[in-house]
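K.L.:
Dropping a structure here in structure tokens format, bear with me for questions.
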DNA sequence: CTTAATATGTTAAAATAATATCAAGGTGAG
DNA sequence: CTCACCTTGATATTATTTTAACATATTAAG
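Chains as they are written, first to last, in our numbering: chain A, 14 to 226; chain B, 14 to 226.
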């Protein structure tokens, strides 16, 4: 195992660097220093260098980092060097938004299908992505080796959907449903928790006023 | 200032406790111990007690915490003791989803309006929330003392929208646009970064395979 | 009333993460 | 070629956050 417990925050920052590198490469920038990356990202240059140092030495002293080379390295670190297929479970507004969002923004990740149970929605297309009935999930997951399910169903449906997802063989759920999911051992759930984020944001929005507890 | 640099993670966990407490109160549970809260949330009991201890002593030794009392305390800590008004900027699928999501899930926060520039959308309603033209933002923000803007416009629009938001007097932006926002001093931006979250999730989804960097 | 059991809240220790320092490698001007 | 200047990457330091330990308070049973 080459990775000795990398902090979660490091991985997130890598994903940020990736986005910046994409922009730089699109603008034909070939070399970038940690200091310049610092200005783009808001993280300190030291932190950027240390983050990268967890995985190797990708820069050239006196010069900086080659943008394409670094991008490839980060892609490989994250696991995006080969295309990752995902599915959306729940083709409501949020599911549609995420499907479109993903298709337009992320060349490494492919939404291979969206699933729903509503006969009105099943069979429609979100740009290129077909909305299928949930009963076809296992078939699609096996065919495309789907790694991640994004869960965007109503709360009442979430329990059923989790069962479907687990039965299909997916091990990783990105949960947008504002409730705790109960999953078997070995299934990794990442919660989006938008309302929790909003609440904590409100804390900072109202921080200035005098509080007595 | 009663709060001496509380960790961000503490505030997020408070919002989680709040959600659990809502459920408990709905089920007429009056007392909960930190150990039981631990089982519900996945955080350790010690951490829960320490989080609360940042703000005071809300429990009873030998017994636990009164759910309603603790809920009120957390509401006040976060700043949700008086209703917080927010607006959605960008009434696309994501904006619609977040408007509905919020209305159904969060009694402390009110989406008072959504804004868009598309004449096809302006004038429509998302449940009870009217979609207005962006030109009315300042008026609405002043009328309802709006604290937070949720930004869900396309990337190309984000720069203009930030200007509108800042001009309206809002100091706090919850940004769902996958780009860095450039804002004046004093404006707090919280990034949702869904694609970054997804990428970091994929790291964990593919972690098992042998990686050579 | 006393004692055992339970749970909080405070204080201390450990683990983790961020920041600073600096040697080594690399570039380019003169 | 040499020197001055950059920038990385490794190491050390500091700060932060989590975990653990324990004294204090409460309840209930005998």
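No residue lacks a Cβ here, since even glycine has one placed at the ideal position from N, Cα and C. Please read these numbers as outputs of a predicted model, since none were measured by experiment.
Name, in chain order, the residues that DSSP records as bridge partners for residue 29/B.
P.N.:
Locating residue 29/B in the second chain gives position 16, counting from the first residue. Looking at the DSSP assignment, residue 29/B forms no beta bridge with any residue, so it has no partner.
K.L.:
Using the beta-carbon of each residue, which ones in chain A are nearer than 8 Å to residue 115/B?
P.N.:
Translated into positions along the second chain, residue 115/B becomes position 102. Per Cβ cutoff of 8 Å: 208 and 211.
K.L.:
Classify residue 28/B as buried or exposed, calling it buried when 16 or more other Cβ atoms lie within 10 Å of its own Cβ.
P.N.:
Taking the second chain and counting its residues from 1, the one referred to as residue 28/B is at position 15. Result: buried.
K.L.:
Taking Cβ positions, are residue 142/B and residue 165/B nearer each other than 9 Å?
P.N.:
Translated into the one-based positions of the second chain, residue 142/B becomes position 129. Translated into the one-based positions of the second chain, residue 165/B becomes position 152. Using a Cβ distance threshold of 9 Å, residue 142/B and residue 165/B do not count as a contacting pair.
K.L.:
Can a CB atom of chain A be found closer than 9 Å to the CB of residue 224/B?
P.N.:
Mapped onto the second chain, residue 224/B falls at position 211. Bear in mind that a pLDDT of 44 at residue 224/B, under 50, signals an unreliable position, so the number given afterwards is only what the model happens to contain. Residue 224/B has a beta carbon lying within less than 9 Å of a beta carbon in chain A.
K.L.:
In whole angstroms, give me the CA-to-CA distance for residue 161/A and residue 140/B.
P.N.:
Against the first chain, residue 161/A aligns to sequence position 148. Against the second chain, residue 140/B aligns to sequence position 127. Cα to Cα, residue 161/A sits roughly 31 Å from residue 140/B.
K.L.:
Can you check whether the C-beta of residue 158/A is within less than 9 Å of a C-beta belonging to chain B?
P.N.:
As a position in the first chain, residue 158/A is number 145, starting the count at 1. Taking Cβ atoms only, chain B never reaches closer than 9 Å to residue 158/A, which makes this a no.
K.L.:
Where residue 132/A and residue 101/B are concerned, what is the direct C-alpha to C-alpha distance, given to the nearest angstrom?
P.N.:
Here residue 132/A refers to the residue found at position 119 when the first chain is read from its first residue. Here residue 101/B refers to the residue found at position 88 when the second chain is read from its first residue. Looking at the two C-alpha atoms, the distance is approximately 30 Å.
K.L.:
CA-CA distance, residue 74/A and residue 44/A?
P.N.:
Working through the first chain from its first residue, we reach residue 74/A at position 61. Working through the first chain from its first residue, we reach residue 44/A at position 31. Cα to Cα, the separation comes out at about 12 Å.
K.L.:
Mind checking if residue 78/A is an interface residue toward chain B, Cβ cutoff 9 Å exclusive?
P.N.:
On the first chain, position 65 is the one that residue 78/A refers to. Among the CB atoms of chain B, none fall inside 9 Å of the CB of residue 78/A.
K.L.:
Output yes if chain A places a C-beta closer than 9 Å to the C-beta of residue 45/B; else output no.
P.N.:
For the purposes of this step, residue 45/B is identified with residue 32 of the second chain, where counting begins at 1. So, not an interface residue.
K.L.:
Measuring alpha carbon to alpha carbon, tell me which of 22/A, 127/A and 33/A ends up nearest residue 118/A.
P.N.:
On the first chain, position 105 is the one that residue 118/A refers to. It is 33/A whose Cα lies nearest to the Cα of residue 118/A.
K.L.:
Could you spell out where the beta strand (DSSP E) holding residue 124/A opens and where it closes?
P.N.:
The count along the first chain starts at 1 and reaches residue 124/A at position 111. Segment 122 to 129, the beta strand (DSSP E) holding residue 124/A.
K.L.:
Of the residues that make up the region 83 to 102 of chain A, which ones have a beta carbon closer than 7 Å to any beta carbon in chain B?
P.N.:
Per Cβ criterion, the list reads 86, 89, 90, 91, 92, 93 and 97.
K.L.:
How would you list, in chain order, the residues of chain A whose beta-carbon sits under 9 Å from the beta-carbon of residue 173/B?
P.N.:
Reading the second chain from its first residue, position 160 is the one you call residue 173/B. Those do not exist, as residue 173/B stays about 19 Å from chain A at its closest Cβ, beyond 9 Å.
K.L.:
Looking at the secondary structure, which residues open and close the alpha helix (DSSP H) in which residue 187/A lies?
P.N.:
Working through the first chain from its first residue, we reach residue 187/A at position 174. Run containing residue 187/A: none in the alpha helix (DSSP H); it sits in the beta strand (DSSP E), 185 to 188.
K.L.:
State yes or no: is the beta carbon of residue 32/A nearer than 9 Å to at least one beta carbon in chain B?
P.N.:
Position 19 of the first chain, counting from 1, holds the residue named residue 32/A. Yes, residue 32/A counts as interfacial toward chain B.
K.L.:
If we define contact as Cβ-Cβ less than 9 Å, is residue 28/A a contact residue for chain B?
P.N.:
What you label residue 28/A is simply residue 15 of the first chain in a count that begins at 1. With 9 Å as the cut-off, residue 28/A counts as an interface residue toward chain B.
K.L.:
Taking a contact to mean a Cβ-Cβ separation below 9 Å, would you say residue 216/A touches residue 92/B in this structure?
P.N.:
Here residue 216/A refers to the residue found at position 203 of the first chain. Here residue 92/B refers to the residue found at position 79 of the second chain. Result yes, Cβ atoms of residue 216/A and residue 92/B sit closer than 9 Å.
K.L.:
For residue 86/A, collect the residues of the same chain with a Cβ closer than 6 Å to its Cβ; drop the 5 residues on either side in sequence, then sort them by chain order.
P.N.:
As a working note, residue 86/A is residue 73 in the first chain. Cβ neighbours of residue 86/A beyond the five flanking positions: 71.
K.L.:
Can you find at least 3 beta carbon pairs, one from the region 187 to 196 of chain A and one from the region 150 to 158 of chain A, that sit closer than 8 Å?
P.N.:
no
K.L.:
Between the C-alpha atoms of residue 23/B and residue 64/B, what's the straight-line distance to the nearest angstrom?
P.N.:
In the second chain, counting from the first residue as 1, residue 23/B sits at position 10. In the second chain, counting from the first residue as 1, residue 64/B sits at position 51. Those two C-alpha atoms are separated by around 6 Å.
K.L.:
Between 109/A, 177/A, 115/A and 175/A, which has its C-alpha nearest residue 248/A's C-alpha?
P.N.:
With chain A running from 14 to 226 in the structure shown, residue 248/A is simply not present.
K.L.:
Who are the near neighbours of residue 42/B in its chain, counting only those whose CB is closer than 7 Å to its CB and skipping five residues on each side?
P.N.:
Your numbering for residue 42/B matches position 29 in the second chain. Excluding sequence neighbours, residue 42/B sits near 80.
K.L.:
Looking at the unbroken alpha helix (DSSP H) that takes in residue 175/B, where does it start and where does it end?
P.N.:
Here the question's residue 175/B lines up with position 162 in the second chain. Here the alpha helix (DSSP H) through residue 175/B covers 168 to 181.
K.L.:
So what does residue 143/A bridge to, in DSSP terms?
P.N.:
For the purposes of this step, residue 143/A is taken as the residue at position 130 of the first chain. Paired residue(s): 138/A.
K.L.:
For residue 163/A, does the three-state DSSP call read helix, strand or coil?
P.N.:
Walking along the first chain from the start, residue 163/A turns up at place 150. Here residue 163/A sits in strand by DSSP.
K.L.:
Assign residue 119/A to one of three DSSP states: helix, strand, or coil.
P.N.:
For this step, residue 119/A is matched to residue 106 along the first chain. Here residue 119/A sits in coil by DSSP.
K.L.:
Can you grab the Cα-Cα spacing for the pair residue 18/A / residue 56/B, in whole Å?
P.N.:
The count along the first chain starts at 1 and reaches residue 18/A at position 5. The count along the second chain starts at 1 and reaches residue 56/B at position 43. Approximately 20 Å between the Cα atoms of the pair.
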